[in-house]
Structures are given as C-alpha cells and as structure tokens.
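Residue numbers (this note's numbering): 15 to 130.
Backbone N, C-alpha and C define an ideal beta-carbon position, used for all residues, glycine too.
Just below is one structure, and these are the notes that go with it.
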C-alpha cells in the first residue's frame, strides 16, 4: 500500500515559523531520496528541498538559510522546518521521492498561508 500524509501547515504571520511533517509508506520512504514540494495558486508545483537516505540535504535558493529538511528513518517521516516565512511561501506543500512521473502518487498536501 502506498501513502503520503502531510501535516503541520497553517496560517502564520510573516517572519513566523512552521514545522511540516510527512508520514510515508515504507514502499515510498525506504531507499529513496525524499523531497518537499510546493504549489502556489495558479503556479506549477516546484521542488523546495531534498534529503538523501544518508541525510545529505539540498535546497532551492529561495529557501536556503530559512528552511531545514530532515528525516526520521525509524518513523518513515520527513520534516520541513520553515523559519522567517514570507508571503511568497504561501502554497500547498507536498512530500514525495525525487523520482517523479506523470503517474506519481501524491498525498493531499498541507496548506501554508503566510499573511498578516
């Protein structure tokens, strides 16, 4: 069985913080680099950050030094600590592996809204 369950989103003021979690089925999580993605209204889904099975992290420039990705292999869970949030970070956030195709399964995502 395949599943991804994202949580932790919400409404936060600019400059605030949120911590997102993504629980994954073992078939997705094990042996795979995991990533966080986001999709803002009327925009394409974009990669935010990735983390390998041995904890090497990589970030897109627009979140570097603000976001931190981590994973707990015992819980098959990926996290995204988001600090210094900006209105342009508003989006639905998803997690998945870094190997995608048109047939890739996606979870429901978690909404992050940054607004005063």
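Short Cβ contact (7 angstroms threshold) for residue 130 with residue 28: yes
Secondary structure of residue 69, DSSP reduced to three states: coil
Runs of beta strand (DSSP E) lying entirely within the segment 27–73, each at least 3 residues, in chain order: 32–38, 48–53, 60–65 and 71–73
Spatially closest choice to residue 115 from 82, 98, 59 and 90, by CA coordinates: 59
Which of helix, strand or coil DSSP assigns to residue 164: Nothing in the structure corresponds to residue 164, since the chain is present only between 15 and 130.
Residue 110 (DSSP reduced to helix, strand or coil): strand
Cβ neighbour criterion (16 or more within 10 Å) applied to residue 118: exposed
Whether residue 52 touches residue 107 by CB criterion (7 angstroms): yes
Cβ contact check for the segment 23–38 and the segment 86–97: 3 or more pairs under 8 angstroms: yes
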